[in-house]
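Have a look at the structure below, then the notes.
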Amino acid sequence: MVDKKPIISIIIPMYNVENYIAICLNSIIQNDLKNVEVIIVNDGSTDNSRTIAERYQAKYSQIRVYDKKNEGVSSARNYGLMKSKGDWVWFIDSDDAINQGSLKYIKKEISDRNNKFDILVFKYLKFKRNSDVSKINDIKIPNEAKAISKFQAMKSLLDNNIAAFPWNKIFKKSLFDKIKFPEDSIYTEDLSIMYKLYDKASSIYFQSAPFYFYRIRNDSLTHNLSTKKIKDAALSHYEMYSFFKENYPTLAIKLERNTMINVISLFHRLNKEQILLYPDLIEFLTQNIKITNYDIRYKIECLSFKKCYPIFVIIGRIGKISRKIRNYVKEKK
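Count the sequence shown with the UniProt record's numbering and you get residues 1 to 333, in order.
Now the structure itself:
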């Protein structure tokens, strides 16, 4: 039977992953599931994902499957939070996997530290094939995690080995009392929320072992960029940049370039009238950028946007043609 009050709630948004969900769930049930609940949120799947998940629900009392209409990963995570009973939450993507010793270690950390930390951050490894999971699973885990400052935590958001993903972190559920995943964002929901959770947290720990295995998929959401996704990325980067500029100015400098690239990418996909709807982003490009810090390409992009908009448009058209050629070549391989 499931414990009345689980310590950890694992939340898995699931949408059309019939080829991957079993690998994900197998990696979880190989762990110690005492005082753990596994919440699978079926986000309107149209394949056999739910049927597969139901088999695990029938066999393991810790697993529960919920159904909702398709509204995206943020909505599914928020729904899972609402259904969860644990004091701690771990968001796991349905096509990924976890280390077979991770839950035992995490529960020990929570017990040893008497619940007196808010976030545990850890590294992750990438994999492509299902067979890769067994190869990377036998990883020694260091004895204990180390406390890191809030500045170090914020800095780790800019480190690709850590980044702003929610799945390589364990959160105290109370952090989400007034913070939710943005359901209007379909691409950078992680970036929009993570620095806010770090800012709210009183104590953050870091574990150098990779507890999480991230699957590289060419057909995943992050590989198919629409104007909506690019807009989400630009706005999320700018929002985070503005927060850093006010609270962590040295980190803002590191984030500035990526923010600028995302804003330029968005503006190349909009006409002039549409661009005018984003005055803060316009000001960011034309007034707040130290252009000398960028390579020649982005200097030209920023200067042309500010001084000679027709050239900026031409650069955007060249970029569009270049992307089409690259995509065509990839399809032919």
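Here a beta-carbon is modelled for each residue, glycine too, at the ideal position from N, C-alpha and C. The structure presented is a predicted model; accordingly, all values stated were derived computationally and were not measured.
Just to confirm the assignment, what range does the beta strand (DSSP E) spanning residue i have?
i, result
"leucine 125", "119 to 127"
"valine 89", "88 to 91"
"alanine 147", "146 to 148"
"phenylalanine 213", "204 to 215"
For residue i, which residues in the same chain have their Cβ closer than 6 Å to its Cβ, ignoring the five residues on either side in sequence?
i, result
"lysine 180", "Asn78"
"serine 203", "Phe117, Asp118"
"alanine 234", "Asn262, Val263, Leu266"
"serine 236", "Thr188, Leu191, Ser192"
"serine 102", "Phe211"
"serine 156", "Ile162"
"phenylalanine 165", "Asp190"
"aspartate 177", "none"
"arginine 64", "Ile39"
"lysine 306", "Thr286"
Apart from the five residues on each side of it in sequence, which residues of its chain come closer than 7 Å, Cβ to Cβ, to residue i?
i, result
"leucine 120", "Ile106, Glu109, Ala145, Lys169, Ile170, Tyr205, Gln207"
"valine 133", "Ile23, Ser27, Ala97, Phe127, Phe213"
"phenylalanine 151", "Tyr248"
"methionine 1", "Below a pLDDT of 50, predicted positions are generally treated as unreliable, and methionine 1, at 46, falls in that range; no measurement from the model is reported."
"arginine 217", "Asp95"
Measure how close the beta-carbons of residue i and residue j come, nearest whole angstrom, since I'm counting them as under 8 Å.
i, j, result
"arginine 215", "aspartate 95", "5 Å"
"alanine 97", "isoleucine 23", "6 Å"
"valine 41", "glycine 80", "5 Å"
"methionine 82", "alanine 53", "Not a contact, Cβ separation roughly 19 Å."
"isoleucine 7", "tryptophan 90", "That belief does not hold up - the Cβ atoms of isoleucine 7 and tryptophan 90 are roughly 11 Å apart, past 8 Å."
"glycine 44", "lysine 69", "5 Å"
"residue 335", "alanine 209", "Because the chain spans 1 through 333 in this model, residue 335 falls outside it and cannot be assessed."
Sort out for me which residues DSSP pairs residue i with in a bridge.
i, result
"valine 38", "Ile10, Ile63"
"phenylalanine 171", "Val89, Ile119"
"lysine 254", "In DSSP, lysine 254 forms no bridge with anything."
"alanine 22", "Answer is none; alanine 22 lacks a bridge partner."
"aspartate 43", "Lys68"
"alanine 97", "Phe213"
Output needed for residue i: all residues of its chain with C-beta closer than 8 Å, excluding positions within five of it in sequence on either side, in chain order.
i, result
"serine 84", "Ser9, Ile11, Glu37, Ile39, Lys173"
Assuming residue i is part of the alpha helix (DSSP H), what are its boundary residues?
i, result
"residue 374", "Because the chain is modelled from 1 through 333, residue 374 falls outside the range shown and cannot be assessed."
"serine 236", "227 to 247"
"asparagine 78", "73 to 83"
"residue 335", "With the chain running from 1 to 333 in the structure shown, residue 335 is simply not present."
"phenylalanine 284", "279 to 286"
"tyrosine 195", "189 to 200"
Would you call the segment 260 to 276 and the segment 300 to 308 touching, i.e. three or more CB-CB distances under 8 Å?
-> Counting Cβ pairs under 8 Å, three or more are found: they touch.
Is there contact here, the segment 187 to 196 with the segment 232 to 252, by at least three beta-carbon pairs under 8 Å?
-> Yes, they touch.
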